[in-house]
DNA sequence: TTGTACGCGTTATCAT
DNA sequence: ATGATAACGCGTACAA
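Protein chains in written order, with UniProt numbering: chain W, 1 to 342; chain E, 1 to 342.
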């Protein structure tokens with residue numbers, strides 16, 4: 001048997017010809033099967049199978065003026081935090097019978113812009129995005145031109161769109177309050193560039209907790225890294241391990257779990273015992289945090305809920321005339337594990 | 001200033017009217033800017049900005065008969081292995097000026113089917129997929145109907161499509177040969193269901209190495225789990241830790257790194273020292289493998305290259321008349337770390 | 001250099 | 001119950 005690959009996909013017109021009916025009847029079989037006689041319908045369905053007919057979504061959405069899809073532009077597909085958020089969105093999309101397209105900007109503004117341009121041209125029903133820069137006017141332009149857009153994991157006050165986030169200042173406070181409770185009096189904040197909003201907020205929360213406890217400002221050290229990655233955590237670990245123990249912070253609060261994992265590894269390699277000589281708190285509570293050989297204390301964010309809430313908002317904006325923009329802020333929670341509980 | 005949200009997106013026709021030129025001229029500005037006088041072009045571009053004109057991709061691809069996008073249907077977006085593969089694909093897509101849509105089947109055949117149906121209707125230029133079941137006839141049907149399709153991380157011999165994979169049998173052999181070299185004579189294979197091809201192949205490689213070394217068959221134990229997850233690794237750890245030390249395997253070869261990380265954590269919790277009492281080899285060499293507090297020996301696969309090769313094949317099939325289906329098999333490599341090197 | 005007319009595949013409306 | 005036809009927005013050949 002030879003399997004032929006069909007060269008050009010058949011259209012409703014071809015199906016109609018093959019079945020010996022009119023074009024309108026084929027359309028009825030597809031969209032209002034009840035209005036067509038059983039015998040006719042069968043003939044048409046047979047022809048469709050025979051010809052390998054596949055509906056053309058471009059034509060459909062051109063006609064309909066809207067597509068049946070949603071998109072999420074991720075900041076970093078390699079970070080489990082964002083894939084969990086995506087999963088929450090996926091569930092919502094599935095419920096609404098929409099396709100979800102995931103795009104990865106990989107923290108690059110140019111790639112993000114390209115994705116956004118394509119998505120806008122595709123006329124997706126809505127765009128969810130964790131942006132490289134939440135204040136970029138490009139986002140406003142998209143909303144102004146009519147595509148519902150929701151910012152995920154960042155708050156944009158007074159903007160032309162909804163946003164869903166977690167209270168990062170509070171998260172930072174929880175982390176450092178926990179360390180202070182455990183008796184730490186020299187703490188390092190290990191984070192990516194403060195230009196990243198999430199990082200800046202978590203640092204602010206940390207300093208708030210610190211000053212509220214009346215501790216000397218200088219004893220909360222800032223160890224700035226270039227990015228929120230495992231590699232960045234490792235190099236921070238080297239720097240910390242290099243400090244004489246009398247002056248070395250006894251605990252580190254990391255801006256996310258990737259950094260914390262890198263720090264944990266490097267610190268252990270350098271001979272520091274965790275948490276006896278260095279306690280570590282991460283952020284996000286990704287699955288790998290609990291799976292680390294010294295399970296990581298971390299600040300948990302409701303990741304899937306974040307995604308679902310964002311999707312619900314964008315769907316509401318897409319379909320509800322009376323939609324009102326809103327800023328949703330979830331509350332984080334500290335999960336204490338061995339890396340601080342020695 | 002009040003920012004109006006435009007209700008309906010403007011078409012080329014609207015732009016033409018606003019600019020006081022004909023529709024064809026607007027089209028020329030878009031597609032052959034050189035054929036239009038500078039002054040006219042400027043007028044048109046001004047009108048476009050004014051009206052917030054966005055090209056309608058549905059109309060474009062309906063006219064063109066093809067879209068400008070590619071899709072990758074992932075088996076598990078939460079597994080870093082697949083996000084790395086996706087990144088390789090993304091680079092290739094970027095180079096070809098195509099959008100890449102990521103879809104996640106989450107190991108569910110129904111969700112996968114839905115995604116495939118949508119993608120086929122979208123007329124994407126090609127579909128890359130790590131399928132739930134590589135032998136599903138649904139895949140053949142898609143290829144037969146004309147959408148180029150490439151299987152990623154599985155080989156399908158004699159099929160109507162290309163496939164790109166890594167030699168999992170060899171990978172399994174490398175892992176177990178390494179353990180034998182290190183003196184282990186009782187080894188456990190910890191894996192998801194053998195119905196997953198990757199798992200079955202790695203197990204086969206393990207047994208091959210074992211019998212080649214002339215070791216008694218019974219001393220290579222199979223510890224079957226339900227899935228390739230951290231949680232599954234943990235429960236395997238409980239089972240191993242429960243075995244009296246005289247009979248307990250001295251090493252475990254895990255079907256992937258997620259399992260290995262779970263196993264590592266649980267074994268440590270149960271008081272087993274790694275690698276002295278239990279050596280561990282993972283598979284995939286995801287970033288977190290090296291970052292584990294006992295860095296994991298693992299079998300590395302060229303993840304990004306896998307994605308890039310698959311994308312190149314699908315693009316070739318989409319554009320090259322003389323395309324010939326091929327099966328590409330990459331070679332894995334063992335990365336030895338502390339979890340076996342005690 | 002600019003304008004006009006047609007077709008891409010689908011769907012909805014109207015007429016038969 | 002079924003068939004004919006217009007419209008969605010764009011690109012392009014062809015005419016002016």
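Ideal placement from N, C-alpha and C gives every residue a C-beta, glycine not left out.
Do you know whose CA, among E/113, E/123 and E/20, lies nearest residue 99 of chain E's CA? E/123
If we ignore side chains and look at the alpha-carbon of each, how far apart do residue 1 of chain W and residue 114 of chain W end up? Bear in mind that a pLDDT of 42 at residue 1 of chain W, under 50, signals an unreliable position, so the number given afterwards is only what the model happens to contain. Each residue's alpha carbon lies about 45 Å from the other.
Identify which residue in E/229, E/169 and E/188 has its Cα closest to the Cα of residue 205 of chain E. E/169
Suppose the cutoff is 7 Å on Cβ atoms and the five residues either side in sequence are ignored; what does the same chain contact list for residue 3 of chain W look like? Caution applies to residue 3 of chain W, whose pLDDT of 46 falls short of 50 and renders its modelled position unreliable; the value that the coordinates give is listed next. Answer for residue 3 of chain W: no residue qualifies.
State the Cα-Cα distance for the pair residue 35 of chain E and residue 42 of chain E, rounded to the nearest angstrom. 13 Å
Assumed close pair residue 311 of chain E, residue 92 of chain E - CB separation to whole angstroms, cut-off 8 Å: 3 Å
Runs of 3 residues minimum, wholly inside the stretch 219-266 of chain E: which ones carry the beta strand (DSSP E) assignment? 220-224 and 251-254
Alpha helix (DSSP H) containing residue 289 of chain E: first to last residue? 287-291
To the nearest angstrom, how far is the alpha carbon of residue 247 of chain W from that of residue 216 of chain W? 14 Å
Using a Cβ distance threshold of 8 Å, determine whether the stretch 291-306 of chain W contacts the stretch 125-145 of chain W, with at least three qualifying pairs required. no
Does the CB of residue 254 of chain W have a neighbour CB from chain E at under 9 Å? no
Is the beta carbon of residue 26 of chain E closer than 9 Å to that of residue 54 of chain E? no
Taking residue 299 of chain W as part of the beta strand (DSSP E), name the residues at either end of that continuous run. 297-300
The beta strand (DSSP E) spanning residue 161 of chain W covers which residue range? Where residue 161 of chain W is concerned, there is no enclosing beta strand (DSSP E), given that its DSSP letter is neither H nor E.
Candidates W/219, W/259 and W/218: which alpha carbon is nearest residue 238 of chain W's? W/259
Please return the same chain residues whose Cβ sits closer than 6 Å to the Cβ of residue 156 of chain W, not counting the five positions on each side in sequence. 134 and 163
According to DSSP, is residue 112 of chain E part of a helix, a strand, or is it coil? helix
Under 7 Å (Cβ pairs) to chain E, residues found in the stretch 312-339 of chain W: none
What distance in whole Å lies between the Cβ atoms of residue 288 of chain W and residue 166 of chain W, which are believed to be in contact at a cut-off of 8 Å? Going by Cβ atoms, the distance from residue 166 of chain W to residue 288 of chain W rounds to 19 Å, so no, they are not a contact pair.
Contact with chain W by residue 80 of chain E, beta-carbon distance below 9 Å: yes
Sub-9 Å separation of residue 261 of chain W and residue 297 of chain W beta-carbons: no
When the Cα of residue 70 of chain E is compared with those of E/240, E/235 and E/316, which residue comes out closest? E/316
Is it buried or exposed, residue 301 of chain W, if we count other Cβ atoms within 10 angstroms and call 16 or more buried? buried
Between the alpha carbons of residue 12 of chain W and residue 46 of chain W, how many angstroms are there, rounded? 13 Å
If you reduce the DSSP assignment to three classes, tell me which class residue 327 of chain E lands in. strand
What runs of the alpha helix (DSSP H), each 4 residues or longer, lie entirely inside the UniProt domain "HTH lacI-type" (10-64) of chain E? 12-19, 23-31, 38-51 and 57-64
In the stretch 287-304 of chain W, which residues sit with their C-beta less than 8 Å from some C-beta in chain E, listed in chain order? 287, 288, 290, 291, 292, 293, 294 and 295
Beta-carbon of residue 29 of chain E versus every beta-carbon of chain W: anything under 9 Å? no
Would you grab the beta carbon distance between residue 75 of chain W and residue 10 of chain W for me? Rounded to a whole angstrom, and I think it's under 8 Å. 41 Å between Cβ atoms; not a contact.
Identify whether residue 279 of chain E lies in helix, strand or coil by the three-state DSSP scheme. strand
Tell me which residues share the same chain as residue 227 of chain E and place their Cβ nearer than 6 Å to its Cβ, disregarding the 5 neighbours each side in the sequence. 192
My guess is that residue 230 of chain E and residue 209 of chain E are in contact by the Cβ rule of under 8 Å, so how many angstroms apart are they, rounded? Actually they are not in contact, since the Cβ atoms of residue 230 of chain E and residue 209 of chain E sit about 26 Å apart, beyond 8 Å.
Please work out which residues of its chain come closer than 8 Å, Cβ to Cβ, to residue 5 of chain W, disregarding the five sequence neighbours upstream and downstream, and give them in chain order. Because residue 5 of chain W sits at a pLDDT of 48, beneath the cut-off of 50, its placement in the model cannot be relied upon, and the following sentence gives the value as read from the coordinates. Nothing listed; no residue qualifies.
Does the distance from the CB of residue 103 of chain W to the CB of residue 101 of chain E come in under 9 Å? yes
Which residue or residues does DSSP assign as beta-bridge partners of residue 343 of chain W? Only positions 1 to 342 of chain W appear in this structure, which leaves residue 343 of chain W out of reach.
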